[in-house]
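Since the structure comes first, as structure tokens, the remarks are kept for the end.
Numbering (this note's numbering), first residue to last: 15 to 261.
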């Protein structure tokens, strides 16, 4: 099963990434150096930057997984409230999320795997659910699995646990959505501030090509432009890091 702590780019994703990243970085190199060799050298930065793109896709996949688990949890809580056992409730939830998210969705595959293992070999559905929480790294899934395991061992109220877990997960996701809404404007400001010096440099190259000639000819000018490019890149990475807030 999938380990959601990592994301391996597929072939088509790699092709799209390298095409877009190499072209953009090469254009940036041309803008800052007016040299094809330096532009090609800048495009090589797409190789180490690939991990940031992979991490971005990993986080998006986890967001979809969390959203799908929220819907599955409502289905599970309803089935448990109707008197069904947890493995049967998981199988019904798998059918529910399949119609909502599709057969290829991660949440569908995970729930169907748990249901199939239990149906075919009467495997430990609670252990499989705990393993799913561990592989996903999502605290909501791990806590729900632990609560269900404790209820199973101690004879607790499974219906109350399922309903309470659904309520807590919804509150947590709502809070997370509000925080993302607050920082989305800040991310827009960061993007505009980052693009502003690049846009000004491009505008000056268009309207007054010779005005910036000293920055492109001598060694001192090359060093200045390299420092400017490095500062812009560092500022962008730092701003992205400080706006990454997880609950």
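C-beta: ideal position from N, C-alpha, C; glycine also.
- The Cβ atoms of residue 76 and residue 198 do not sit closer than 9 Å to each other.
- For residue 45, the closest alpha carbon among the candidates 202, 219 and 139 is that of 219.
- In terms of CA proximity to residue 57, 36 leads the group 36, 190, 179 and 51.
- Around the beta carbon of residue 87, a 10 Å sphere encloses 16 or more other beta carbons of the protein chains shown; the residue is thus reported as buried.
- Rounded to the nearest whole angstrom, the CA to CA distance from residue 165 to residue 158 is 11 Å.
- Residue 214 sits exposed, since fewer than 16 C-beta atoms from the chains shown fall within 10 Å of its C-beta.
- Residue state for residue 120 is assigned as helix, using DSSP reduced to three classes.
- The three-state reading of DSSP puts residue 247 in helix, counting H, G and I together.
- For the pair residue 153 and residue 63, the Cα-to-Cα distance works out to about 28 Å.
- Nearest neighbour of residue 125 by Cα position, chosen from 257, 112, 181 and 135, turns out to be 112.
- Within the same chain, 175 come within 6 Å of residue 161 by CB-CB distance, once the 5 residues on both sides are set aside.
- For residue 16, the closest of 186, 122 and 43 by C-alpha to C-alpha distance is 122.
- Distances from the CA of residue 79 to each of 137, 155, 99 and 226 were compared; the closest alpha carbon is that of 155.
- For residue 74, the uninterrupted alpha helix (DSSP H) segment begins and ends at 60-95.
- Collapsing the DSSP output to three states places residue 157 in a helix.
- Residues 21 of the same chain have their beta carbon placed closer than 8 Å to that of residue 69, with the five preceding and five following residues left out of the count.
- At least 9 Å separates the beta-carbon of residue 244 from that of residue 208.
- Under a 10 Å Cβ-count criterion, residue 83 is classified as buried, with 16 or more other Cβ atoms of the shown protein chains found around its own Cβ.
- Taking the C-beta atoms as reference points, residue 106 is found no nearer than 9 Å to residue 128.
- In the three-state scheme derived from DSSP, where H, G and I count as helix and E and B as strand, residue 20 is classed as coil.
- For the pair residue 92 and residue 101, the Cα-to-Cα distance works out to about 13 Å.
- Here residue 142 is buried: its Cβ has 16 or more other Cβ atoms, across all protein chains shown, within 10 Å.
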